[in-house]
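Residue numbers (this note's numbering): 15 to 350.
Each residue gets a CB set at the ideal place from its N, CA and C atoms; glycine is no exception.
Predicted model, so just to flag it, every value in this text is computed and none were measured.
One structure is given below, encoded as structure tokens.
This is how it looks when you write it as structure tokens:
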């Protein structure tokens, strides 16, 4: 029905993705892991579903499951190159499943979550990234009344702000946004403060009461800082900004898929900053579906394209971040 264009998809297409991931995929694969679809075979036939794309032990017919799958952490499956399927972290990166950017794909029934009748397709297609955002908010592990900054205000950044506000209503949330449309959406999502990337440390000092230092080459550092910073961009500049803006023994959560970058980690070493990854989900889809019914994230969907217009769709996905409506999708409903 609909499948989103994710930043990780774009990174792969543009050659910016880490080569570390190459052994965890199988080519040729069809991209697309943000998916709302209609089931065409099996017991769920005719049902509208969102797909949980992680290809864990259950989907691979591996029994007994690995330690992570046994604990519900299918996105961290230790057997993603084994079992009844070719290598692939998830649907959209496995040659045998297909992906969302197609007229059909194969999924295990354990990966399907029924979409409530009152949830539009445009809302449902964002359930997967919303589940990821809820997981990232959990990984931040904020204490009551904590301060946090979210770097990036694309789809993932905006959903992260929503997830943080949902999980931590008393938190102080600062958002880092490049464009005016993103600033408006960040405030709508629940950010208390919004600033441009170059003002993170200046505003961080004001918000948290930290002392801001400027060293050689204009390198900024906060003595004090946010309890946690969630990086939803994954560039060298964003990671460096995050580790320099968090308090001693605070946490930097890497949520946006990191590119191959060079990063000065001296602030993380000097102030014992904990750097955490946030990938996938841990039983978050049910909660994401309920939250989607409340916040209606489909308003972020900017444009729907037919598969034949994939070049235009990818170009639009690059441009759409400048507006408040930031998600570009493939619309397959005419062929569903």
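Residue interval of the alpha helix (DSSP H) (run including residue i)
{"i": "residue 153", "result": "141-154"}
{"i": "residue 215", "result": "214-222"}
{"i": "residue 136", "result": "135-138"}
{"i": "residue 26", "result": "21-27"}
{"i": "residue 209", "result": "No alpha helix (DSSP H) holds residue 209; the beta strand (DSSP E) holding it covers 207-209."}
{"i": "residue 329", "result": "324-333"}
{"i": "residue 282", "result": "280-284"}
Per-residue burial, residue i [other beta carbons within 10 Å of its own, 16 or more giving buried]
{"i": "residue 252", "result": "buried"}
{"i": "residue 218", "result": "buried"}
{"i": "residue 42", "result": "exposed"}
{"i": "residue 145", "result": "buried"}
{"i": "residue 288", "result": "exposed"}
{"i": "residue 115", "result": "buried"}
{"i": "residue 234", "result": "buried"}
{"i": "residue 360", "result": "This structure gives no information on residue 360, because the portion of the chain shown stretches from 15 to 350."}
{"i": "residue 85", "result": "exposed"}
{"i": "residue 33", "result": "exposed"}
{"i": "residue 373", "result": "Since the first residue shown for the chain is 15 and the last is 350, residue 373 is missing from the structure and cannot be characterised."}
{"i": "residue 236", "result": "buried"}
{"i": "residue 102", "result": "buried"}
{"i": "residue 176", "result": "buried"}
{"i": "residue 69", "result": "buried"}
{"i": "residue 298", "result": "buried"}
{"i": "residue 285", "result": "buried"}
{"i": "residue 39", "result": "buried"}
{"i": "residue 36", "result": "exposed"}
{"i": "residue 51", "result": "buried"}
Alpha carbon of residue i to alpha carbon of residue j, nearest angstrom
{"i": "residue 159", "j": "residue 186", "result": "7 angstroms"}
{"i": "residue 246", "j": "residue 147", "result": "10 angstroms"}
{"i": "residue 58", "j": "residue 123", "result": "8 angstroms"}
{"i": "residue 269", "j": "residue 293", "result": "7 angstroms"}
{"i": "residue 2", "j": "residue 65", "result": "Since the first residue of the chain shown is 15 and the last is 350, residue 2 is not available in this structure."}
{"i": "residue 261", "j": "residue 249", "result": "21 angstroms"}
{"i": "residue 296", "j": "residue 230", "result": "42 angstroms"}
{"i": "residue 180", "j": "residue 267", "result": "18 angstroms"}
{"i": "residue 27", "j": "residue 345", "result": "20 angstroms"}
{"i": "residue 255", "j": "residue 184", "result": "24 angstroms"}
{"i": "residue 108", "j": "residue 316", "result": "28 angstroms"}
{"i": "residue 388", "j": "residue 342", "result": "Residue 388 falls outside the range modelled here, since the chain spans only 15 to 350, and no answer is possible."}
{"i": "residue 311", "j": "residue 303", "result": "11 angstroms"}
{"i": "residue 350", "j": "residue 157", "result": "Unreliable positioning characterises residue 350 in this predicted model, as indicated by a pLDDT of 47, which lies under 50. The coordinate reading is nonetheless provided below. Distance between the alpha carbons of residue 350 and residue 157 is about 46 angstroms."}
{"i": "residue 241", "j": "residue 280", "result": "18 angstroms"}
{"i": "residue 161", "j": "residue 132", "result": "35 angstroms"}
{"i": "residue 271", "j": "residue 78", "result": "30 angstroms"}
{"i": "residue 111", "j": "residue 121", "result": "7 angstroms"}
{"i": "residue 63", "j": "residue 49", "result": "8 angstroms"}
{"i": "residue 1", "j": "residue 197", "result": "Outside the shown range of the chain (15 to 350) lies residue 1, about which nothing can therefore be said."}
{"i": "residue 89", "j": "residue 126", "result": "15 angstroms"}
{"i": "residue 189", "j": "residue 56", "result": "44 angstroms"}
{"i": "residue 283", "j": "residue 263", "result": "10 angstroms"}
{"i": "residue 83", "j": "residue 151", "result": "21 angstroms"}
{"i": "residue 174", "j": "residue 21", "result": "15 angstroms"}
{"i": "residue 340", "j": "residue 331", "result": "8 angstroms"}
{"i": "residue 209", "j": "residue 30", "result": "27 angstroms"}
{"i": "residue 243", "j": "residue 182", "result": "14 angstroms"}
{"i": "residue 46", "j": "residue 104", "result": "10 angstroms"}
{"i": "residue 60", "j": "residue 113", "result": "19 angstroms"}
{"i": "residue 211", "j": "residue 91", "result": "35 angstroms"}
{"i": "residue 153", "j": "residue 333", "result": "30 angstroms"}
{"i": "residue 213", "j": "residue 276", "result": "22 angstroms"}
Where the beta strand (DSSP E) containing residue i begins and where it ends
{"i": "residue 262", "result": "260-268"}
{"i": "residue 308", "result": "Premise fails: residue 308 lies in the alpha helix (DSSP H), 299-309, not in any beta strand (DSSP E)."}
{"i": "residue 242", "result": "240-245"}
{"i": "residue 289", "result": "288-291"}
{"i": "residue 234", "result": "234-237"}
{"i": "residue 107", "result": "Counting along the chain, residue 107 falls outside any beta strand (DSSP E), and DSSP gives it neither H nor E."}
{"i": "residue 320", "result": "From DSSP, residue 320 is part of no beta strand (DSSP E); its letter is neither H nor E."}
{"i": "residue 230", "result": "Taken as a continuous stretch (DSSP letters only), residue 230 belongs to no beta strand (DSSP E), as it is neither H nor E."}
{"i": "residue 345", "result": "341-345"}
{"i": "residue 122", "result": "Here residue 122 belongs to no beta strand (DSSP E), and DSSP marks it neither H nor E."}
{"i": "residue 17", "result": "16-18"}
Any chain B beta carbon closer than 8 angstroms to residue i
{"i": "residue 57", "result": "This model lacks chain B altogether; it includes just one protein chain."}
Would the segment 320-330 count as touching the segment 94-112 if we require 3 or more Cβ pairs under 8 angstroms? no
At a cut of 8 angstroms, does the segment 199-209 reach the segment 222-236 through at least three beta carbon pairs? no
Counting pairs of Cβ atoms below 8 angstroms between the segment 129-142 and the segment 74-88, do you hit three or more? No, they do not touch.
Give, in chain order, every unbroken run of the alpha helix (DSSP H) that is at least 4 residues long and sits entirely within the segment 162-196. 169-181
Would you call the segment 191-199 and the segment 165-172 in contact, with 3 or more CB pairs under 8 angstroms? yes
At which residue ranges does the segment 43-95 contain complete beta strand (DSSP E) runs of 3 or more residues, listed in the order of the chain? 49-52 and 62-65
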